[in-house]
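Contents: one structure, followed by commentary.
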Amino acid sequence: MKRKLETSEMIFKVISYTLLSIFALACLYPFVYAVSASISGGNAVDYGKVVLFPKDIQFEAFGRMFHDNMFWNAYSNTLFLTFYGTVWALFVAILGAYALSKKRLLFRRFFNFFLVFTMLFSAGIVPQYLNYLDTKAVFNAVGIKDDKWLVVIAMGMAAMNIILLRNAFEGVPSEIEEAAIVDGATEFQVLGKVYIPMCKSTIATVALFFAISRWNGYFWARQMISNSNEHPLQVFIRLRLEEYMDPEAMAGWNEIFSSDSVIYALIVCSIVPILIIYPFIQKYFAKGVNAGGVKE
73 MKRKLETSEM IFKVISYTLL SIFALACLYP FVYAVSASIS GGNAVDYGKV VLFPKDIQFE
133 AFGRMFHDNM FWNAYSNTLF LTFYGTVWAL FVAILGAYAL SKKRLLFRRF FNFFLVFTML
193 FSAGIVPQYL NYLDTKAVFN AVGIKDDKWL VVIAMGMAAM NIILLRNAFE GVPSEIEEAA
253 IVDGATEFQV LGKVYIPMCK STIATVALFF AISRWNGYFW ARQMISNSNE HPLQVFIRLR
313 LEEYMDPEAM AGWNEIFSSD SVIYALIVCS IVPILIIYPF IQKYFAKGVN AGGVKE
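Per our numbering, the very first residue in the sequence shown carries number 73; after that it's consecutive.
This is how it looks when you write it as structure tokens:
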């Protein structure tokens, strides 16, 4: 038999659901508007007639975007940065977290303190930029001319994600590791066959954090990648936005769709892959954050 809710509980639930609904709608509206603007006619977009639903539906903006070779080039660059950047960052994070989770590690307290210290204090953007320039010079000296690899390697460190994985690894019972070592397992075998399978939810969560960071990366990609053919999608969208905001460049625009519709079409296409992937790893998300964020 269900317990009847008291008046205070009912009021709390109504307020909570109302606020959550408003928050959800506020988060959903920009995406809905972007989709509507991307398939609306030029006059409807330029004169602000699109509020929620599309007006004068057409798909020419997507057609123009899909026929732009630079768009597909930027998309491939983003896929490259996301895949290799996530793999490299996850590799570094797992090895670092595994080492820091061991009490037998020399100077373990110092390394953990130093890791947290970098989250609270940093040298600033200018020293970081100069450091990346030095790294780029080293890459050029050894024959690596592709600046995308510079972004992959240089952005492969994230202190917060290492801490999440470290806490998750510390939650693995030591008896399981000891049993594996007695059976003759090496450190890498213990990591690969004990720790990684038992902490896969946290690893999946951290991988999602890395992938979203690489997919949405703009600032450092803009600063470190000088070749326009290597620009990722976010930089490409920004450059297109600057072009479409230039009155001289748009003087001869005579399309039935607005230049803003192309920008919104680009934004929609940049969001869709994340929307497709997220539902498949959503089940790991809350569990992974709890496992890595709460130390037992």
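Even glycine gets a Cβ: it sits at the ideal position worked out from N, Cα and C. These numbers come from a predicted model, not from an experiment.
Taking residue i as the reference, which of the options has the closest Cα?
i       : options                               : result
Lys-307 : Tyr-316, Ser-331 and Gly-289          : In the sequence as displayed, the identity of residue 307 is Val instead of Lys. Of Tyr-316, Ser-331 and Gly-289, the residue nearest in Cα terms is Gly-289.
Ala-133 : Ile-349, Ser-108 and Ser-300          : Ser-108
Cys-271 : Ser-300, Glu-302, Arg-181 and Leu-237 : Leu-237
Ala-230 : Ala-165, Tyr-267 and Val-210          : Ala-165
Trp-287 : Leu-187, Ile-349 and Ile-129          : Ile-349
Trp-144 : Ser-333, Glu-315 and Ile-309          : Ile-309
Arg-294 : Thr-274, Val-278 and Tyr-201          : Tyr-201
Ile-235 : Phe-189, Lys-208, Gln-261 and Phe-260 : Phe-189
Ile-346 : Ala-279, Tyr-170, Val-334 and Met-191 : Ala-279
Val-117 : Thr-258, Phe-260 and Ser-333          : Ser-333
Phe-155 : Leu-91, Trp-221, Phe-211 and Thr-258  : Trp-221
Val-344 : Phe-84, Ser-93 and Ala-106            : Ala-106
Asp-128 : Ile-339, Asn-115 and Ala-257          : Asn-115
Going by the CB atoms, is the gap between residue j and residue i shorter than 8 Å?
i       : j       : result
Ser-298 : Asp-219 : yes
Ser-112 : Pro-126 : yes
Gly-228 : Ala-161 : yes
Ser-110 : Ala-283 : no
Ile-335 : Gln-130 : no
Glu-250 : Val-266 : no
Tyr-316 : Ser-300 : no
Met-296 : Lys-208 : yes
Thr-150 : Pro-304 : yes
Phe-281 : Asn-203 : no
Residue i by DSSP, collapsed to three states: which one?
i       : result
Met-232 : helix
Pro-351 : helix
Ile-83  : helix
Ala-195 : coil
Pro-345 : helix
Arg-180 : helix
Glu-78  : coil
Val-244 : coil
Asp-206 : helix
Phe-329 : coil
Val-366 : Interpretation of Val-366 is limited by its pLDDT of 48, a score under 50 that renders its predicted location unreliable; the figure taken from the coordinates is listed afterwards. The answer is coil: DSSP assigns Val-366 none of H, G, I, E or B.
Lys-174 : coil
Met-137 : helix
Gly-157 : helix
Leu-124 : coil
Lys-265 : helix
Would you kindly work out how many angstroms separate the C-alpha atoms of residue i and residue j, rounded to a whole number?
i       : j       : result
Arg-312 : Cys-341 : 14 Å
Phe-95  : Gly-243 : 34 Å
Lys-174 : Val-223 : 30 Å
Gly-364 : Ala-240 : Reliability of the predicted coordinates at Gly-364 is poor, the pLDDT of 47 falling under 50, and no value is obtained from them.
Gly-157 : Ala-226 : 9 Å
Phe-152 : Glu-78  : 55 Å
Ser-80  : Val-86  : 10 Å
Val-366 : Ile-275 : With a pLDDT of 48 at Val-366, under the threshold of 50, the modelled position of that residue is not reliable, and the figure given next carries that caveat. Using only the alpha carbons, I get a separation of about 15 Å.
Phe-352 : Ala-171 : 30 Å
Ser-88  : Cys-99  : 17 Å
Val-104 : Asn-141 : 27 Å
Gly-215 : Asp-206 : 14 Å
Taking 7 Å as the line, does the beta carbon of residue i fall inside it for any heavy atom of the ligand FMN?
i       : result
Arg-181 : The ligand FMN is absent from the structure shown, which contains no ligand whatsoever.
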